[in-house]
Each structure stands twice: as structure tokens, then as C-alpha cells.
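Under my numbering, the first residue of the sequence shown carries the number -19, and numbering increases by one thereafter.
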Amino acid sequence: MKDISKERRKYQRYDLETKVHFYVKDFNLVTKVKFRKLNNKKDAPMAKEFVGISRNVSVEGIRFCSLKKLKAEESLFIKVYLPKSSRPIPMVGEVRWSKKVISAKDKRFKYDTGVRLLTVKGKSVARSIHIDSRYNEPWSIVLESVFGSFHKILHKAMKKVKRPSPGAIFKAMEES
């Protein structure tokens, strides 16, 4: 019997709670293909959009919680909305797992879903994975897209603060 409790992660997870929107792509249909360039407001693979909250992110994946049960191997188009950013980060990935959890607040069923990301901003995640020379840690376009913008916000906030302390920095970030 397979031990499913064994750790199978290749990369460390970083906690991240932010709003996530996603669409489920349906590849089970045999269809005729027509295409045209779309403007950004209409670039949606499916009509139905679902909302979730991210739980963590890694070099090549994201985990989020939503009311939607997803199946392993379903393809998703995901938009991640970061605080202080008006533009979402577009991602495409494949569901690896989805499991039911019970919300402690409202006792409703929710689903935690793990997604292996294939592209971020149209760029290959697999090709972007490397060891960061400064910190000697695995890095990718996933982490750069999420934490790179946070780093810019933090850097901007620190310039405004005369004596850096966590409270002063977070206050400056909120005012930005």
C-alpha cells in the first residue's frame, strides 16, 4: 500500500494569502478551432469564473482554497491579485490534487487545491527555475512574480521611513 502521508514536495512553500480567480478549461470536447486576437478584457478561456484565496506558493506551484471542487489534471487559467497591485498575474497550470476541508468559521465545505504551474505571464515556469546566486535558493518566475513586486513595494516604503521598524515599514506600505 502506498504511503500518501510521505512528503513529496520538490520545493519549499511560502505562505501567501491573496485573492485568486480561476477558470476551468474543458479539453474533453472535440471542437472546431477558430481564433483571433482578443483584447485583455475578453481574454477568458471559460465564461464561469471562480474565486479562491491562495494559501502558499512555491517555485512551480500554488495552493488555494475555494468553494469549487476540482479534478486532478484539469487545466486552469489563474489570475492572482496581489495587494497594492491593480494588475493580476496570469498563470496557467494543472490541478495536482483537490481535497475537502471544513471551514471553522461558517462550517461550509471548501476545497484546498494544489496546482502545478506551467506558465506565468506567458513564460515557461520549468525553464525559469534556477538557483538564486545571492541566496543559494531555488527561484523561478512564479516567486519573482509574487515576491518581486512585494520587494519593490517594501523597498519604496523603506525609503519613506526615517527609522526602520516593522510597524513603521508596514504603515508606509499601507499609505503607498
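Where a beta carbon is used, it is the ideal one built from N, C-alpha and C, also for glycine.
All figures in this text were calculated on a predicted structure; none of them were measured in a lab.
Per-residue DSSP class, three states only, for residue i
i, result
"L50", "coil"
"V122", "helix"
"G128", "helix"
"S108", "helix"
"R114", "coil"
"E29", "coil"
"R67", "coil"
"L62", "coil"
"K(-10)", "coil"
"V100", "strand"
"S38", "coil"
Local Cβ density within 10 Å of residue i, reported as buried at 16 or more and exposed below that
i, result
"V95", "buried"
"V105", "buried"
"E40", "buried"
"S66", "exposed"
"S160", "Look at the range of the chain in this structure, -19 to 156, and you will see that residue 160 is not part of it."
Supposed contact pair residue j and residue i - C-beta distance, whole angstroms, cut 8 Å
i, j, result
"V122", "V37", "6 Å"
"T99", "V72", "5 Å"
"R43", "S55", "Not really, about 17 Å apart at Cβ, beyond 8 Å."
"I69", "K59", "7 Å"
"V75", "L47", "So it is not a contact: roughly 15 Å between Cβ atoms."
"K101", "C45", "Actually they are not in contact, since the Cβ atoms of K101 and C45 sit about 24 Å apart, beyond 8 Å."
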